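In the numbering used here, the protein residues as written are 42 to 888.
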């Protein structure tokens, strides 16, 4: 790279303004949040808004104005959704500005840090390790510059870049330094074309959103047939056309889970705002859900368990020449492209007085674990991991380095060679010169954070490029379980199954290369684990991209912030428990309120079918459903969706909701139709029959609410009491009763309603107790997956094959029994545990 004192002029201010005017600026950067137009469309132009809007028009034409109240709910729901998303957008956009990458360019002959969008074609960009390229360009100067293009091309080997070579946006610098001239900016950049054409960078997939969309598809398919069936039956029962239309509209309104989608987006938005207060940038809202699935957290040691600061401790000469070793270290650190380790050494040791002249250099690489430089008249000096730099035969010095590393120090070896450097290969004849001890400080909150994860059943894996002994010592001080038996990654198997078995047993891994980190994440995912990866360095980028949730430190390399779903802006490790807890709160609460909405859809559908078959008028007017929606579902669901909830995410959201909602909805439908039919049999007026159905339905819906709100806190009890009081207040005033077409029951009807409500409540409680006793995962438990059944894991568009176990019980306790040779396949949809959708093959049970 050009000397800082003789930098090229770069573009002038006038040239920059001219190119920006010609549209050659780097505009169109990726957005952290949706545009205002997208938010409006997403909350207004929905399938069910269209259906309900059409039904509203029908009611306004043929029905009473009171029956159009659901239209108010429709508008209010949309407004609330828009307001919450706009609030989240404003918050996220402000945080995104703080986290936005900047580029260092030369303009008017001086270096300047500018925003990515201010870059123009022709700008001269300076590059350092960890920088991510924001535009395509051509190398104009290179000092051992290496770029990793794996996020774009899939090629995992860093590519050396020389003068005139092409650089692609989206790649990042892993070693060396250089300059390049920006050529492809904005829409012309390679990464942008990939995103537009191949969708290389897809949004985070949300199991909750997918599950809710699946439920909504079921409802959509049922609406048409039920509407035809009910309308025909109502007309056949000699009802007027207007009454038939009102009854049909009421049934369809009841079947639509109006607020379910709204509450999902509101919950995600509120969580994003809550995390923003903790200085956490959520780059994609559905990533909040992914936090709840996490059962394994992979941590880098430096910058995560430790505070990221590193200090030179002391030098231990091995050849007796301490002065020369210190001079060599000072000369190695006298480099403007030095990494954090050399910077710490440079802060403690001055360059030699005679200023050694370097003529060859190899920058540090996480894959190599060493850096080196050749100096005129002083030979070549190499600084790196003792196991790499020192020869295996030098057992004495290696043992001493291991002993020092076990104290928690980071130990480097300094070696010299007489021969010059030849590319990126170590010299053949090196002599040990010194051991260099670096000190790292454990974060004061590390132990408490690790304790939280351990108590929550989240496994912690420390994956470090440092010495296994050092990583193990630091991890032990932080309270990581099984930290006393660290693994040297150089001996790890390459086979994913064998690697996964090792990862299940051990917790600390040292000397891990970036591609081994990637393989370790893949192996854990193949075992059914949901993995969160934290990191701050370039060596973490590939693993961050692959993990279910990538969490970058705000002080880390720009490339890590670019690929992560979450960015800890203040780089505080202690933020992670709150982040995971927020994800759990959101997913658990969305499932809770989904049970409320879908239960209503079930009983509304069954009532429509039952009354059609019996040629009875539909038991509700739309205004009655507005009462039920508001008091038993709508208002309570908003409170429940935002309430504290620490329950860990469980897979099978849709199936579990349907397993609850279908029986619960059936019980409510049966009790309601019984009360309605009893009132009809007594020859009571239609207003009394519909009042009977409304009372029983509200009572049992509140019973469902009570069951789903458990454990009952005083706030939840107060909420339920308020809803009961709200319903009771509809009856004392004649004006209100007339408006809602209600009539207070008495005599035999009151007794009938009491019996129906009590019987229905008893059935609901009995079903609830049985439902709660069922295994949370349908019988399967989390654990390892050795050989046997094969299942496909969907991982961001790539299928991977892993293996499976069968659960069995033996005299010595419960064990995982291997299904060798079964050859069966089980579909797997990014859930951390197996599904029961597989088939038997050769006898044994798969999944």
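In this text, a Cβ means the ideal position worked out from N, Cα and C, and glycines have one as well. Just so you know, these numbers come straight off a predicted model, no measurement behind them.
Pairwise C-alpha distance: residue j and residue i
i: residue 529; j: residue 144; result: 37 Å
i: residue 376; j: residue 479; result: 19 Å
i: residue 317; j: residue 367; result: 46 Å
i: residue 509; j: residue 54; result: 51 Å
i: residue 120; j: residue 221; result: 48 Å
i: residue 362; j: residue 356; result: 11 Å
i: residue 380; j: residue 388; result: 12 Å
i: residue 650; j: residue 577; result: 58 Å
i: residue 708; j: residue 744; result: 12 Å
i: residue 891; j: residue 730; result: Given a span of 42 to 888 for the chain in the structure shown, any question on residue 891 remains unanswerable.
i: residue 271; j: residue 667; result: 20 Å
i: residue 734; j: residue 335; result: 44 Å
i: residue 439; j: residue 427; result: 7 Å
i: residue 417; j: residue 504; result: 38 Å
i: residue 345; j: residue 252; result: 35 Å
i: residue 391; j: residue 382; result: 15 Å
i: residue 542; j: residue 495; result: 20 Å
i: residue 616; j: residue 660; result: 52 Å
For residue i, the first and last residue of its enclosing beta strand (DSSP E)
i: residue 399; result: 399-406
i: residue 500; result: 500-504
i: residue 550; result: 549-551
i: residue 723; result: Premise fails: residue 723 is in no beta strand (DSSP E) and is neither H nor E.
i: residue 178; result: 177-189
i: residue 593; result: 590-594
i: residue 321; result: 321-323
i: residue 609; result: 607-609
i: residue 768; result: That residue, residue 768, is in no beta strand (DSSP E); its alpha helix (DSSP H) goes 755-769.
i: residue 252; result: Unbroken run through residue 252 is the alpha helix (DSSP H), 248-277; no beta strand (DSSP E).
i: residue 424; result: 420-425
i: residue 416; result: 411-416
Spatially closest choice to residue i from the options, by CA coordinates
i: residue 631; options: 380, 591, 697, 117; result: 697
i: residue 777; options: 623, 745, 664, 693; result: 664
i: residue 149; options: 158, 164, 156, 610; result: 164
i: residue 396; options: 412, 371, 403; result: 371
i: residue 432; options: 458, 471, 402, 408; result: 471
i: residue 517; options: 533, 492, 605, 536; result: 492
i: residue 289; options: 611, 798, 268, 277; result: 268
i: residue 526; options: 507, 519, 546, 157; result: 546
i: residue 153; options: 682, 176, 51, 601; result: 51
i: residue 305; options: 760, 678, 767, 404; result: 678
i: residue 636; options: 653, 681, 592; result: 681
i: residue 352; options: 426, 467, 477; result: 477
i: residue 482; options: 769, 354, 724; result: 354
i: residue 459; options: 441, 426, 421; result: 421
i: residue 169; options: 160, 205, 212; result: 212
i: residue 739; options: 215, 768, 390; result: 768
Span of the alpha helix (DSSP H), counted from its first residue to its last, around residue i
i: residue 213; result: Counting along the chain, residue 213 falls outside any alpha helix (DSSP H), though it belongs to the beta strand (DSSP E) covering 213-225.
i: residue 444; result: 436-446
i: residue 674; result: Segment: none, residue 674 is in no alpha helix (DSSP H) and carries neither H nor E.
i: residue 494; result: 487-496
i: residue 374; result: 363-374
Residues that DSSP places opposite residue i in a beta bridge
i: residue 143; result: 156
i: residue 339; result: 502, 574
i: residue 481; result: 351
i: residue 451; result: 479
i: residue 148; result: 52, 151
i: residue 472; result: 457
i: residue 166; result: 146, 221
i: residue 200; result: 188
i: residue 208; result: 178
Neighbourhood of residue i by C-beta, 6 Å cutoff - its chain only, sequence neighbours within 5 removed
i: residue 500; result: 337
i: residue 584; result: 558, 559, 562, 574
i: residue 838; result: Note that residue 838 scores a pLDDT of 35, beneath 50, so its modelled location is shaky; the value from the coordinates is reported in the next line. Within the same chain, residue 838 has no close Cβ partners at all.
i: residue 449; result: 514, 515
Own chain, CB closer than 8 Å to residue i, minus 5 neighbours either side, in chain order
i: residue 727; result: 658
i: residue 762; result: none
Neighbourhood of residue i by C-beta distance below 7 Å, restricted to the same chain and skipping five residues each side
i: residue 902; result: Because the chain here runs from 42 to 888, residue 902 falls outside it and cannot be looked at.
i: residue 623; result: 312, 315, 316, 329, 332
i: residue 647; result: 706, 707, 710
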